[in-house]
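Step one of this worksheet: look at the structure below.
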């Protein structure tokens, strides 16, 4: 990428508006295969030095430099350095100007061949998936994407990561899997997290105490979150908060066979990668979530999928899973994490592999049609 090029100087657009009726997008409908002449996927990164970027988006752009070209005419894909990760208007990382700037990108062309990243959509109280952006024909790479908004074969589901997440492969700590990691664990099923006293995500989390026995099933919630939590405090909060402090999260995580992942305010959660990393079997109690990189990964090998309405049957369902299957699922959890998610660089590489596979299939389809 040519750091001397300042794309903020080319903001002008007289292109007609893209209409919603043209959706849903497919590669055949919304992608210009003619731009992908090279065997390697080249990416043009727009340069906007004066626009604030969150730490996570800065890291994403840093990783993409290995794919970057300074020549837009040779690029197959385009990445904007306008940070669209956080579309929650209450967030300090929300870039209000993003919605007006995207259509003015010099090579936007209704978003064709553009990659738009998003981790947080919607805001309190309903946290809708709808973005406050007109992304048009761009490929959306999103966390918390549901089967209701996911454009299969076009959009990509991405894991939720924090600013402390390992960026480059060179910084990944080597992890040797030993037989001891598959020994019988102290805990059968664990969860430790926010309760959400009202609104999205509260239905399931407010019932977790009914399954908790503080022995082999430890499901802990705290009411202490958000500034006005005391306003919504109920009669169980004091006991929940006290019990919550008795257990260390990392101790629970590393010593449990199953890790419950109920939906939060949004579908995606940091907890998903945390449990994969230690070989704890994720028990997803999250309806309609398209899991990260689902085109590349057979998640049924590592994850237990349950409906939110099945909460009270979770322990009995899990206890019926044979020991041999449990061992295999834990192995796949570790394998998937190390192969696809151990660093941001690995996640981006996996995403680019997925895109490359799609484009090659598309090219073959056109050649043979």
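Numbering (the numbering used here), first residue to last: 89 to 457. Idealized CB from N, CA, C, for every residue including glycine.
Residue 302 classed as buried or exposed, judged by whether at least 16 other C-beta atoms fall within 10 angstroms: Residue 302 is exposed by the Cβ-count criterion.
Contact set for residue 281: own chain, Cβ-Cβ below 6 Å, skip 5 residues either direction: No residues qualify anywhere along the chain.
Residue 135, buried or exposed, once every other Cβ within 10 Å from all chains shown has been counted against 16: Buried.
One or two residues paired with residue 129 in a DSSP bridge: Looking at the DSSP output, residue 129 shares a beta bridge with no other residue.
Three-pair Cβ contact test at 8 Å for the region 433-440 versus the region 149-158: Because the criterion of three Cβ pairs below 8 Å is met, the region 433-440 and the region 149-158 touch.
Beta-bridge pairing of residue 367 - partner residues as DSSP gives them: Answer is none; residue 367 lacks a bridge partner.
Backbone CA spacing between residue 174 and residue 182 [nearest angstrom]: Rounded to the nearest angstrom, the two C-alpha atoms are 5 Å apart.
Test item: CB-CB of residue 218 and residue 204 under 7 Å: Going by C-beta atoms, residue 218 is not nearer than 7 Å to residue 204.
With 16 other Cβ atoms within 10 Å as the buried cut-off, status of residue 212: Classification for residue 212: exposed.
Start and end residues, beta strand (DSSP E) containing residue 353: That residue, residue 353, is in no beta strand (DSSP E); it is neither H nor E in DSSP.
Limits of the beta strand (DSSP E) - the one that residue 310 falls within: For residue 310, the enclosing beta strand (DSSP E) begins and ends at 305-310.
Meets three-Cβ-pair contact criterion under 8 Å: the region 402-411 and the region 354-368: In this structure the region 402-411 does not lie against the region 354-368, because fewer than three pairs of beta carbons, one per stretch, are closer than 8 Å.
Residue burial classification, residue 417 (beta-carbon count within 10 angstroms, cutoff 16): Result: buried.
Residue 156, DSSP secondary structure in three states: Of the three classes helix, strand and coil, the one that applies to residue 156 here is strand, per DSSP.
Rounded C-alpha distance that separates residue 340 from residue 162: Approximately 50 Å, taken between the alpha carbons.
Sufficient close CB pairs (3 or more, under 8 Å) joining the region 249-264 to the region 381-395: No, the region 249-264 does not touch the region 381-395.
Spatial distance of residue 451 from residue 359 (CA atoms): So the two alpha carbons sit approximately 37 Å from each other.
Assumed close pair residue 288, residue 353 - CB separation to whole angstroms, cut-off 8 Å: Residue 288 to residue 353, Cβ: 5 Å. Contact.
Beta-ladder partner(s) of residue 457, from DSSP: Paired residues: none, contrary to the question.
Cβ neighbours of residue 120 in the same chain (closer than 6 Å, five flanking residues each side left out): 200, 201, listed in sequence order.
Check whether residue 380 and residue 251 have beta carbons under 7 Å apart: No, the pair does not count as a contact, with Cβ atoms beyond the cut-off.
Three-state secondary structure assigned by DSSP to residue 275: Three-state result, residue 275: strand.
With 16 other Cβ atoms within 10 Å as the buried cut-off, status of residue 284: Counting Cβ neighbours within 10 Å, residue 284 comes out buried, since at least 16 surround it.
Proximity of residue 296 and residue 309 at Cβ, strictly below 7 Å: Yes.
Residue nearest to residue 294 in terms of C-alpha spacing, selected from 235, 456, 321: Among 235, 456, 321, the Cα nearest to that of residue 294 belongs to 321.
With 16 other Cβ atoms within 10 Å as the buried cut-off, status of residue 188: Answer is exposed; the Cβ neighbour count stays below 16.
Cβ pair residue 356, residue 232 closer than 7 Å: In contact: residue 356 and residue 232 (Cβ atoms closer than 7 Å).
Which residues DSSP lists as bridging residue 206, in chain order: Within the DSSP bridge table, the entry for residue 206 names 230 as partners.
Buried versus exposed call for residue 140 [16 or more other C-beta atoms within 10 Å across all chains shown]: Residue 140 comes out exposed.
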